[in-house]
Amino acid sequence: MLILLKEKGVLKVVGDQWGSPTYTMDLAGVILKIIEDDAVSYGIYHFTNEGMTSWYEFARAIYKKAKKLGLIGDNKKVEIQPIKTDDYPTAAGRPRYSVLSKEKIKKEFGLKIRDWDKALEDFLRTLSLRTK
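Under the numbering used here, think of the first position of the sequence shown as 6, with each following residue one higher.
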């Protein structure tokens, strides 16, 4: 998404599909905690960051935060437009709502999971430090 924001003047992004972004560093931290605590509990667990967003809102958040951190030039303007899933054909069908329940993993391992928006800030901040 960041590459597209740097390259395009207009970006059309699906606005009617909802999900919860996952920051891989947060997922890795949870896996490490489970291993270190030797907390073996079998089953299937879902993990994403808290909150939900559409792809459109996610793109807008990336643009706003990346611009603030200097990852996108000050003079670069991008118009982000929401489109419907039907207007964005893909080979595989995508669900309109794919927010996963994290109640089981939070309860089983005593987790507090941060919001995707805060995780996005950390990711972009880390990226900005690496590119300077």
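Positions of the beta carbon are idealized from the N, C-alpha and C atoms, including for glycine. Computed from a prediction, not measured in an experiment: that's the story for all the values here.
If I'm right that residue i touches residue j with Cβ under 8 Å, what's the distance once you round it to whole angstroms?
| i | j | result |
| --- | --- | --- |
| Phe-114 | Ala-44 | 6 Å |
| Leu-74 | Leu-7 | Actually they are not in contact, since the Cβ atoms of Leu-74 and Leu-7 sit about 11 Å apart, beyond 8 Å. |
| Ser-59 | Trp-23 | 6 Å |
| Leu-105 | His-51 | 4 Å |
| Ile-67 | Gly-20 | Actually they are not in contact, since the Cβ atoms of Ile-67 and Gly-20 sit about 14 Å apart, beyond 8 Å. |
| Lys-70 | Leu-125 | 6 Å |
| Val-108 | Gly-14 | According to the sequence shown, residue 108 is Glu rather than Val. That pair is no contact at about 42 Å. |
Starting from residue i, trace the alpha helix (DSSP H) in both directions and tell me its first and last residue.
| i | result |
| --- | --- |
| Glu-12 | 7 to 12 |
| Ile-36 | 29 to 41 |
By the DSSP assignment, the beta strand (DSSP E) with residue i in it spans what residues?
| i | result |
| --- | --- |
| Glu-55 | Neither: Glu-55 is in no beta strand (DSSP E) and is coded neither H nor E. |
| Val-15 | 15 to 19 |
Residue j and residue i - do their beta-carbons sit closer together than 8 Å?
| i | j | result |
| --- | --- | --- |
| Phe-128 | Tyr-28 | yes |
| Ile-110 | Glu-55 | no |
Starting from the C-beta of residue i, find all residues in its chain whose C-beta is less than 8 Å away, skip the five residues before and the five after it, and write them out in chain order.
| i | result |
| --- | --- |
| Lys-72 | Asp-79 and Lys-81 |
Once you ignore the five residues that flank residue i on each side, which residues in its own chain have a CB closer than 6 Å to its CB?
| i | result |
| --- | --- |
| Gln-86 | Lys-17 |
| Ile-40 | none |
Unbroken alpha helix (DSSP H) runs of length 4 or more, entirely within the stretch 74 to 126: which are they?
-> 108 to 114
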